[in-house]
Amino acid sequence: MAAKFPFEDLGGYLAALRADGDLKTVSAAVDPTLEISEITQRVVREHGPALLFDNPTRGDMPVAINLFGTAKRTARALGVSDLDEIGARIGELVKPELPVGFAGIREGLGKLMQLKSVPPKKVRTAPCQQVVYKGDKVDLNRLPGLQTWPGDGGVFHNFGLTHTKHPETGKRNLGLYRLQQHDHKTLGMHWQIHKDSTAHHAVAERRGERLPVAVAIGADPVVCYAAGAPLPADLDEYLFAGFLRGERVEMVDCLTVPLQVPAHAQIILEGYVEPGERHPEGPFGDHTGFYTPVEQFPVLHVECVTTRTDPIYHSIVTSKPPQEDYGLGKATERIFLPLLKLLIPDIVDYNMPEPGVFHNCVIVSIRKRYPKHAHKVMNAIWGAHLLSLAKLIVVVDDECDVHDLAEVAWRAFGNVDYDHDLLVTQGPVDHLDHASYQQFWGGKAGIDATAKLPTEGYDRGWPDVATMTAAVKATVDRRWTEYGL
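Note that the sequence shown covers residues 11 to 495 in the numbering used here.
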């Protein structure tokens, strides 16, 4: 692979974190049942380093975890100093202005080629296939899967990158789903109803066919992020990963199923899902902070496992915030802001605060121009891809910093007459939402915390915010030390 991007694989990323002093190796024997997750939680809450457990008491390979535990580390993983840099690149790519003259046409073609020039690249041999286990030699107990919480239904593999292909169109999907280990050769596939792999499986079942599946564990950090990114169904995750890397991702054909996987991953699981087969899956302490209940999900029969010579197992801990997935969620928020603004130009900025676990709360700022503008934006957000799952939307004026939660709260508490400024509706909610009275759909609320207009029926005259003048602020800035403060 070309050396343009900082990290060829997971090992390169870990080496970079170690050089930064941002990786702690734990050499003591640690139990993957509950102990690794408790240690990881404490480190995450202290904004501590990534962790490498060299000697887990289950499995025969080290465990890497907390690789995305801070926004800074996530930016490092994606090869930038700040996550907004990627958003800016995407913003330039999707600028809607028509090209002017030859220079404008050349610039437009150059932007298009940024995507066209980074599709995945097929290779014949790959590090992920240095060691091969087939048939009776397949044993998932080699992997140090985690039991994260006391009430979990067993061992789970929490960062498996799942590859499927549409049985009719051949369109590939890469997704990030938890995998419950049922025994040494089978896994539960937690495919939620909104996911593309669920659609692939439904088509295969309708045709009475097995669905081939490949799971990669320990891919490079960009591919790991791309697997969970909320991309449109027609955008290949590996094309997106190539765009983020600025170079093509190398992929290799699987040995037993007609799929391709990242060549530089640590571990590959190959197998199939039988039509009509379901096993109980769960419970599991998910990112909501609550246990998801036992449900029937498809089963992956693993027929082949390939690994590197000395593989590293990658996992993550999820539950009540703060957890490591905050870094991934914040990356999505910043990276996809330009696309959201293209879809809804009224938006200035947005924030999905960590306690809202991604889409339970979305705070949006707008430049308000007409009556009920905030309500229009709420409804537009509820029609925007996975933001359709948002349960609470708070809309503020553009001078409000959406990342200053105290400022947002001040406006939401003080700027709102809930008889006029509260919009309550119904719509789809997350598969994991335990609060909805019916699974998959429930109530939602929008709060208009903007300054109100006379044309909205507010005829009292909206007051100005009490703030100090710039001149006085500048004077105090100059004399601050004179005042002994």
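No residue lacks a Cβ here, since even glycine has one placed at the ideal position from N, Cα and C.
- Out of PRO363, LEU495, ARG258, the CA that lies nearest to the CA of LYS330 is found in PRO363.
- Here the stretch 23-43 lies against the stretch 58-65, with 3 or more beta-carbon pairs under 8 angstroms apart.
- Excluding its 5 nearest sequence neighbours in each direction, GLU178 has C-beta neighbours in its own chain below 7 angstroms: VAL213, listed in chain order.
- Taking C-beta separations shorter than 8 angstroms and ignoring five residues to either side along the sequence, the partners of ARG134 in its chain run VAL262, following chain order.
- Taking C-beta atoms as the reference points, ASP193 and LEU153 fail to come closer than 9 angstroms.
- DSSP places PRO222 in the uninterrupted beta strand (DSSP E) bounded by 221-227.
- In this structure PHE307 is in contact with HIS200, their Cβ atoms being roughly 6 angstroms apart against a cut-off of 8 angstroms.
- In the assembly as shown, ALA236 is a buried residue. Its beta-carbon has 16 or more other beta-carbons within 10 Å.
- When C-beta atoms of the stretch 354-362 are compared with those of the stretch 408-419, three or more pairs fall below 8 angstroms, so the two segments count as touching.
- In this chain, the beta strand (DSSP E) harbouring SER375 covers 371-376.
- Setting aside the 5 residues that flank it on each side, PHE294 is surrounded in the same chain by ASP162, THR302, each with a C-beta closer than 6 angstroms to its C-beta; the list follows chain order.
- For VAL53 and HIS167, the gap between their C-alpha atoms comes out near 20 angstroms.
- Counting C-beta atoms within 10 angstroms of its own C-beta, ASN65 has fewer than 16 neighbours from the protein chains shown and is therefore classed as exposed.
- In the same chain as THR465, and ignoring 5 residues on each side of it, the C-beta atoms closer than 7 angstroms to its own belong to PRO381, in chain order.
- In the three-state reduction of the DSSP assignment, THR479 falls in the coil class, being assigned neither a helical nor a strand state.
- Secondary structure of HIS173 (DSSP, three-state): strand.
- In the structure shown, the three-state DSSP call for GLY467 is coil.
- If you draw a straight line from the Cα of LEU241 to the Cα of ASP92, it comes to about 21 angstroms.
- Note: TRP451 is bridge-paired with PRO438, GLN448 in the DSSP secondary-structure output.
- In terms of CA proximity to ASP320, ASP70 leads the group ASP70, GLU102, VAL426.
- Sixteen is the threshold: when 16 or more other Cβ atoms of the shown chains lie within 10 Å of the Cβ of GLN157, as they do, the residue is buried.
- ASP335 counts as buried, since no fewer than 16 other beta carbons sit within 10 angstroms of its beta carbon.
- The three-state reading of DSSP puts PHE166 in strand, counting E and B together.
- When secondary structure is reduced to three states using DSSP, GLU313 falls in the strand class.
- The C-alpha of HIS385 lies about 8 angstroms from the C-alpha of GLY456.
- Taking the Cα positions, SER47 is about 14 angstroms away from TYR323.
- GLU287: not part of any alpha helix (DSSP H); DSSP gives it neither H nor E.
- As computed with DSSP, GLU280 is found in a beta bridge with ALA224, CYS314.
- Judged by DSSP in its simplified three-state form, ASP206 adopts helix.
- The beta carbon of LEU399 sits closer than 7 angstroms to those of HIS369, PRO438, VAL439, ASP440, all from its chain and outside the five residues before and after it, given in chain order.
- The residue from HIS289, LYS132, THR491, LEU269 with its alpha-carbon nearest to that of GLN191 is HIS289.
- As the crow flies, the alpha-carbon of LEU433 is around 34 angstroms from that of GLU102.
- Per DSSP, the unbroken beta strand (DSSP E) holding PHE307 starts and ends at 305-307.
- Proximity of the stretch 170-185 to the stretch 346-360 falls short of the contact definition, fewer than three beta-carbon pairs being nearer than 8 angstroms.
- Membership of GLN270 in the beta strand (DSSP E) is indicated by the continuous run 270-272.
- Comparing alpha carbon positions, the residue from ALA394, ASP296, LEU310 closest to GLU284 is LEU310.
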